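Quick notes on the structure that follows.
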Amino acid sequence: AQSVAQPEDQVNVAEGNPLTVKCTYSVSGNPYLFWYVQYPNRGLQFLLKYITGDNLVKGSYGFEAEFNKSQTSFHLKKPSALVSDSALYFCAVSPRSGNTGKLIFGQGTTLQVKP
Amino acid sequence: DAGVTQSPTHLIKTRGQQVTLRCSPKSGHDTVSWYQQALGQGPQFIFQYYEEEERQRGNFPDRFSGHQFPNYSSELNVNALLLGDSALYLCASSFGRGPNTEAFFGQGTRLTVV
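Chains A and B, in that order, give the protein sequences. Our numbering numbers the first residue of the first sequence as 22 and each following residue consecutively. Our numbering numbers the first residue of the second sequence as 690 and each following residue consecutively.
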């Protein structure tokens, strides 16, 4: 079965420190990889995606993500966290074969950045 | 430019009833997908509409049906509501289809079944 795992329900970091939100996936065939963020009472907002090429993808608001094919991981990173980064983060994968746009989401990781 | 808009924002229904949720895609987008997000879970894909036809479907029963209109807006219908249908229903739109297409999400409709 195709699945996405975000092993941490919550990640706590201090403002100014680097952050990492982990994601691993079990989807065959080199899927496309996405990160979305969800703020309270708002829909999901696109952060970044990996299609091909460089394993380090840069996205919105200073976020980046590192793709590791051998570990089937796509961890979200930011060099210096802001309090305003506090939100719910979702990793998602999109299978390449026979898929017209379905996203498979992880369960989400709450990021709490403290001043 | 308005993004993806959904209505209503909140809804309370009784078990066994039917509900219709509505979505207007972002301007210029022609593809609409629906997701169900249960409390504490990630969104789950229900189905996708393109050119007024259902193009892809997730693992949801036939009680869940939809429609897309010529102006690309869409409806999600759920019949014979169950308590377990209580969730946030998200609409996502995109320009065209494809596995690497960026989807834009609405704020969602919070459905509570009592």
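The beta carbon of each residue, even a glycine, is placed where N, CA and C say it ideally should be. These numbers come from a predicted model, not from an experiment.
Annotated as distal: SER775/B and ARG711/B, with beta-carbon spacing of 8 Å or more. As computed with DSSP, GLY80/A is found in no beta bridge at all. Using beta-carbon distances, LEU779/B counts as an interface residue toward chain A, with a partner under 8 Å. As computed with DSSP, HIS96/A is found in a beta bridge with GLU87/A.
In the three-state reduction of the DSSP assignment, LEU728/B falls in the coil class, being assigned neither a helical nor a strand state.
Beta-bridge pairing by DSSP links HIS756/B to GLU764/B.
Along the segment 35-68 of chain A, the positions whose C-beta sits under 9 Å from a C-beta of chain B are PRO52, TYR53, PHE55, TYR57, GLN59, ASN62, ARG63, GLY64, LEU65, GLN66, PHE67, read in chain order. Assignment of beta-bridge partners to HIS699/B by DSSP yields ARG799/B.
Ranked by Cα distance from GLU742/B, the options GLN726/B, GLY795/B, LEU765/B are led by LEU765/B.
A check of alpha carbon separations from GLN707/B across ALA691/B, ASN760/B, GLY755/B, ASN768/B identifies ASN768/B as the nearest.
In terms of Cα proximity to TYR53/A, the closest of LEU65/A, TYR71/A, GLY64/A is TYR71/A.
Contact between the segment 116-135 of chain A and the segment 77-87 of chain A is not established, with fewer than three Cβ pairs separated by less than 8 Å. Contact between the segment 731-747 of chain B and the segment 99-109 of chain A is absent: fewer than three C-beta pairs spanning the two stretches fall below 8 Å.
In the DSSP assignment, ILE125/A forms a beta bridge with VAL114/A.
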